[in-house]
Amino acid sequence: MSDRITDPATTSWYEASARARLDGLLDPGSFREFIGPEQRRMSPHLPLFDLPRAFDDGMIVGAGRLDGQAVLVAAQEGRFMGGAFGEVHGAKLVGLLRAALDQKPAALLILFDTGGVRLQEANAGETAIAEVMRAITQVRAAGVPVIGLIGGRAGAYGGGGLIAGTCSRLAVSEGGRISVSGPEVIETNKGAEEFDSRDRALVWRTMGGKHRRLTGGADAFADDTVAAFRTAALRLIDTAPAFDLATLEAEQARLEERIARFGDCRDGTEIWARLGANDPAAIPAMTTAEFDALLAQIGETTHDAR
Amino acid sequence: MSGWRRERAARDARIEAGRAHAAGKVVAAASVVDLLEAILRPGDRVCLEGDNQKQADCLARGLSQCDPARVHDLHMVQSGIVLPEHLDIFEQGIAKRLDYSYSGPQGARIARMLYGGQIALGAVHTYLELFARYFIDLTPNVALIAGVSADREGNLYTGPNTEDTPTVVEATAFKNGVVVAQVNEIVDRVPRVDIPGDRIDFVVEADKPFYVEPLFTRDPAAMTETQILMAMMAIKGIYAEYGIRRLNHGIGFGTAAIELLLPTYAERLGLKGKIATHWALNPHPTLIPAIESGWVSQVHCFGSEVGMDRYIRERPDVFFTGADGSLRSNRAFCQTAGLYACDLFIGSTLQIDLSGHSSTVTQSRVAGFGGAPNMGSDPHGRRHPSDTWMKAGREALVTGDPALMRGRKLVVQIVETFGEKLVPTFVEKLDALELARKLKLELAPVMVYADDVTHIVTEEGIANLLLCRDADEREQAIRGVAGYTEVGRGRDRAMVERLRARGIVRRPEDLGIEPLDADRSLLAAKSIKDLVHWSGGLYEPPAKFRNW
């Protein structure tokens, strides 16, 4: 698969590699990678398990331009160990966030594609998640918006889901999923009656892009193209909220209201009906245009929280 | 009464015993056990309909709840061992002997039970072979079958998944047997009569609709560039060269990739109308883009596929449909079509040895055969020529008078050199031989015999076994495409290069294929949702294949 993109308007974000996503997302030729694969900063843990390593440890970080604005970017390669956070993988993101405190870019973009922490280096991975979340709050407090883009095969799960929750704004596509525990984990612990992980329509009604957008868990819904994610990123940078007490209190109020309003729902479709969708069962099959029209009609999914 | 009607009299007695639990022909789901205990006799040959797709599951549950003191030592003669109940009855002593074809999901358990001596195995058959024996020496005394709906007279609508049912009923009903059908609902008038009511003795309204496995759905999102490369080689190096119009595909990702490359890669090669026009095939969702692009003239189906019913209804020019509009499938006829009227079978397997014998049996799993050994064989009863068949015949070693030469069916194995979990596909010795030794089987469970295989396609290239002139050439041709497996690394490099010069081994570059062009962008559909779009919203994929 090529890491170069010829037509971002037709290239699937879901299908593209992390490098290809960056290539199509940023202004052409503007990406400068930090700690590139030629430096071979690889996982010190994977050889203990006789597992193959990647020269970039599945995390690509660097600087580039987005419509002329200086931005810092991080992209996870979901096809290497499910985009999971290991020691080097996590440290590269922490380092990028700390660099943002000095460089003050127009935004820092995280292209999520992760199942969470890498089991083989769990302690280092868990620590990395915590460090990333702390660093994101510092970056946001310094006035730099942190934008998450979620539309890869692995979604944003586990610690990746937690990190997504600390971002200023999130864009998601239909194929994108955001959650902490994955479907198989829930089924294993609670049984198939509670959550049937093989019922993929149920998985998407619960964790998928449309559901997250409808409930305000994500702030923009993008078509599955690299160009659509670029458009969404630009819009979210412009509308990112300040990181202050008012925003955090608004977020707390939003979450409390959400649990009060939907806490007894057994299925995503029930929530969508309460949100005012006339035909909730039709939502999964909607095109982006139809879904945008629905969002405009419901009209309460934009908020100043987070 | 003369001595020529004993079977008929026995049948009448069974039916009379069964009527005690029925209203006319109709039996309540709650009375299934009573009915079965009334009509079954120890030692009966029983076909409990189950194949690789649909299952008479309500009747299977009933049979497994029968009292082993009353119902025991049954001889099961059915194509599929798929549900847990199919094996439970052997543990309980209800059944003793088994003749079958396919046991995909129960492959591991059936292996353990065979080793443990809980099952007296007759043979593992190909579908057509088992069906044939229904009419000669394995005629069922009782058939327990599944349909969509029935009326009170027993007229049966089997729906899109007709599959084995007509064959099973034919053999049972016309030879003094008893036929019990489970249906999803009893109706006043069935949409169409697939089985006339006078062949059905009892109709059970099942507690829930019969289960159908979506066995033939391959998610394009999971297709790899290696599989795409193999598909490109098959299209350019085999389909185009032999002009293959009439064919059958197996169910692997390699063949699904071929289906998805027809409207893109094959179209660019100018092959539309020249290849892949007439099919013996289940309604594969991955064939939708080729159908919608006008590639496909017609498709006859063994069974149906979950979610394809509405699409098929709207494409009667392509599929075989009934007066009611829905698909009519028939496994026996489609297997016959695949054997005699197709010029190519292409499928994958788990193990191939140095001669080209292949098997899906491993020491811990006995998956059975299904249809592949039938369609993957050269039918010696064929007498009609086709350009494809004759070209293959000319390539094979002709002995004797060339005027008496006959054609050859193309039987192609398309495999990655390493399978799941990096297990090598190419082996010195098939696990099937070890299994046969341990179980004292007279016949090793070989899927496709070496003398039927004409080509092997891997990511490394194509081996044309027709052109090999002796066993040594054949072995080196196979080693020559076996990649980095032990078998592949054991090749005689000089000899493989000589075979390459003769076109027996061909690499992608020999075919004018650049491996880096094998990209997912070539797929006509990259996801299940793309297939839904291609179908104009008519394809309704099962929930487990959705990501929206």
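Those sequence lines, one after another, are chains A and B.
Heads up: the first sequence at position 281 corresponds to 281 in UniProt numbering, and the numbers run straight through without jumps.
Heads up: the second sequence at position 379 corresponds to 379 in UniProt numbering, and the numbers run straight through without jumps.
Built from N, CA and C at the ideal position, the CB exists for glycine as well.
Please compile the residues from chain A whose C-beta is within a distance smaller than 8 Å of the C-beta of residue i.
{"i": "Lys208 (chain B)", "result": "The contacting residues do not exist; Lys208 (chain B) stays about 16 Å from chain A at best."}
Using the three-state DSSP reduction, which class does residue i fall into: helix, strand or coil?
{"i": "Tyr157 (chain A)", "result": "coil"}
{"i": "Pro424 (chain B)", "result": "strand"}
{"i": "Arg266 (chain A)", "result": "coil"}
{"i": "Trp389 (chain B)", "result": "helix"}
{"i": "Val398 (chain B)", "result": "coil"}
{"i": "Met59 (chain A)", "result": "strand"}
{"i": "Trp279 (chain B)", "result": "strand"}
{"i": "Leu170 (chain A)", "result": "strand"}
{"i": "Ser17 (chain A)", "result": "coil"}
{"i": "Ala289 (chain A)", "result": "helix"}
{"i": "His384 (chain B)", "result": "coil"}
{"i": "Val185 (chain A)", "result": "helix"}
{"i": "Asn248 (chain B)", "result": "strand"}
{"i": "Tyr539 (chain B)", "result": "coil"}
{"i": "Ile35 (chain A)", "result": "coil"}
Quick one: which chain B residues come within Cβ less than 8 Å of residue i?
{"i": "Ala201 (chain A)", "result": "Ala543, Arg546, Trp548"}
{"i": "Arg4 (chain A)", "result": "Those do not exist, as Arg4 (chain A) stays about 12 Å from chain B at its closest Cβ, beyond 8 Å."}
For residue i, which residues in chain B fall below 9 Å Cβ to Cβ?
{"i": "Pro284 (chain A)", "result": "Arg546, Trp548"}
{"i": "Trp204 (chain A)", "result": "Arg546, Asn547, Trp548"}
{"i": "Gly208 (chain A)", "result": "Asn547, Trp548"}
{"i": "Glu15 (chain A)", "result": "Ala221, Arg520, Ser521, Lys526, Ser527"}
{"i": "Arg198 (chain A)", "result": "Ala543, Lys544"}
Out of curiosity, what's the CA-to-CA distance linking residue i and residue j?
{"i": "Ala206 (chain B)", "j": "Gly24 (chain B)", "result": "17 Å"}
{"i": "residue 328 (chain A)", "j": "Leu255 (chain A)", "result": "Outside the modelled stretch of chain A, which goes from 1 to 306, sits residue 328 (chain A), for which no answer is possible."}
{"i": "Trp204 (chain A)", "j": "Gly155 (chain A)", "result": "11 Å"}
{"i": "residue 551 (chain B)", "j": "Ala273 (chain A)", "result": "With chain B covering only 1 through 548, there is no way to say anything about residue 551 (chain B)."}
{"i": "Gly480 (chain B)", "j": "Ala396 (chain B)", "result": "19 Å"}
{"i": "Asp188 (chain B)", "j": "Ala372 (chain B)", "result": "40 Å"}
{"i": "Ile136 (chain B)", "j": "Lys440 (chain B)", "result": "25 Å"}
{"i": "Glu428 (chain B)", "j": "Ile478 (chain B)", "result": "11 Å"}
{"i": "Ile150 (chain A)", "j": "Leu66 (chain A)", "result": "18 Å"}
{"i": "Ser181 (chain A)", "j": "Asp113 (chain A)", "result": "15 Å"}
{"i": "Tyr239 (chain B)", "j": "Ala403 (chain B)", "result": "26 Å"}
{"i": "Leu35 (chain B)", "j": "Gly18 (chain B)", "result": "5 Å"}
{"i": "Ser64 (chain B)", "j": "Gly148 (chain A)", "result": "55 Å"}
{"i": "Leu109 (chain A)", "j": "Pro284 (chain A)", "result": "27 Å"}
If you drop the 5 nearest sequence neighbours on each side, which residues of the same chain put their C-beta closer than 6 Å to that of residue i?
{"i": "Pro160 (chain B)", "result": "Ser304, Asp309, Ser326, Leu327"}
{"i": "Phe345 (chain B)", "result": "Asn248, Met375, Gly376, Val411"}
{"i": "His300 (chain B)", "result": "Ala280, Phe320, Cys334, Ala337"}
{"i": "Ala122 (chain A)", "result": "none"}
{"i": "Cys342 (chain B)", "result": "Arg246, Leu247, Asn248, Ala280"}
Near residue i, what residues of its chain come up, given a Cβ to Cβ distance below 7 Å and the 5 sequence neighbours on each side ignored?
{"i": "Thr225 (chain A)", "result": "Pro8, Ala9, Thr10, Thr11, Ser12, Trp13"}
{"i": "Gln120 (chain A)", "result": "His45, Leu46, Phe49, Leu51"}
{"i": "Thr215 (chain A)", "result": "Arg258, Ile271"}
{"i": "Ala91 (chain A)", "result": "Ala128"}
{"i": "Arg132 (chain B)", "result": "In the sequence on display, residue 132 (chain B) carries Ala and not Arg. Around Ala132 (chain B): no qualifying Cβ."}
{"i": "Ala289 (chain A)", "result": "none"}
{"i": "Gly217 (chain A)", "result": "Ile178"}
Got a sec? Which residues, its chain only, sit under 8 Å from residue i by beta carbon, not counting five neighbours each side?
{"i": "Arg235 (chain A)", "result": "Ala220"}
{"i": "Met390 (chain B)", "result": "Gly407"}
{"i": "Val366 (chain B)", "result": "Ser103, Gly107, Ile110, Ala111, Leu114, Val124, Leu435, Pro445"}
{"i": "Cys265 (chain A)", "result": "Ile271, Arg274"}
For a contact defined as C-beta to C-beta under 7 Å, what are the partners of residue i on chain B?
{"i": "Glu174 (chain A)", "result": "Trp548"}
{"i": "Arg230 (chain A)", "result": "Under the 7 Å cutoff, chain B gives no residues; its nearest Cβ is about 20 Å from Arg230 (chain A)."}
{"i": "Ser12 (chain A)", "result": "Lys526"}
{"i": "Arg21 (chain A)", "result": "Under the 7 Å cutoff, chain B gives no residues; its nearest Cβ is about 15 Å from Arg21 (chain A)."}
(message) Restricting to runs no shorter than 3 residues, where is the beta strand (DSSP E) found entirely within the stretch 165 to 242 of chain B?
(response) 178 to 186, 202 to 205
(request) Scan the stretch 225 to 251 of chain B for residues whose Cβ lies nearer than 9 Å to a Cβ of chain E and list them as they occur along the chain. (result) The chain inventory of the structure shown lacks chain E, comprising the protein chains A and B.
(request) Identify every run of the alpha helix (DSSP H) within the stretch 441 to 517 of chain B, keeping only runs that are complete inside it and at least 4 residues long; order them along the chain. (result) 471 to 479, 486 to 489, 493 to 501
(message) Restricting to runs no shorter than 3 residues, where is the beta strand (DSSP E) found entirely within the stretch 283 to 370 of chain B?
(response) 298 to 300, 344 to 347
(request) With a floor of 3 residues, list each beta strand (DSSP E) that falls wholly inside the stretch 49 to 134 of chain B, ordered by position along the chain. (result) Taken in chain order, the unbroken stretches of beta strand (DSSP E) that lie wholly in the stretch 49 to 134 of chain B and span 3 residues or more are 74 to 80, 95 to 102, 120 to 124.
(request) Identify every run of the alpha helix (DSSP H) within the stretch 61 to 142 of chain A, keeping only runs that are complete inside it and at least 4 residues long; order them along the chain. (result) With a minimum length of 4 residues, the continuous alpha helix (DSSP H) runs that stay inside the stretch 61 to 142 of chain A are 87 to 103, 122 to 141.
(request) For the stretch 212 to 260 of chain A, list the alpha helix (DSSP H) runs that are entirely contained and at least 4 residues long, ordered along the chain. (result) Taken in chain order, the complete alpha helix (DSSP H) segments of 4 or more residues contained in the stretch 212 to 260 of chain A are 226 to 239.
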